[in-house]
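J.:
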Amino acid sequence: MATATEVIKPENKRKKMSMSTLVLLSFAAGILIGLFFGEKVGWMAVIGD
873 MATATEVIKP
883 ENKRKKMSMS
893 TLVLLSFAAG
903 ILIGLFFGEK
913 VGWMAVIGD
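So the sequence shown is numbered by our numbering: it starts at 873 and just counts up by one.
#1: Please confirm whether L896 has its beta-carbon closer than 8 Å to some beta-carbon of chain D.
#2: Can the beta-carbon of V918 be found closer than 8 Å to that of I905?
#3: Can you look up V913 in the DSSP assignment and give me helix, strand or coil?
The structure is reproduced here in structure tokens:
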């Protein structure tokens, strides 16, 4: 039980991902989406151009 002097902090057990990890995951997701849903997501090529 917390007393009046204790500070209750929410537990954040999830680590933040580094920018390089996010870039690599996004790159891999883009390749997989392109392979499996190529024609359906072809309109997204405008974003990458």
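We put the CB at the ideal spot given by N, CA and C, even for glycine.
T.: If we stick to the structure as given:
#1: Given the protein chain composition of this structure (a single chain), no chain D is represented.
#2: Here residue 918 refers to the residue found at position 46 of the sequence shown. Here residue 905 refers to the residue found at position 33 of the sequence shown. Going by C-beta atoms, V918 is not nearer than 8 Å to I905.
#3: The count along the sequence shown starts at 1 and reaches residue 913 at position 41. It is coil, neither helix nor strand.
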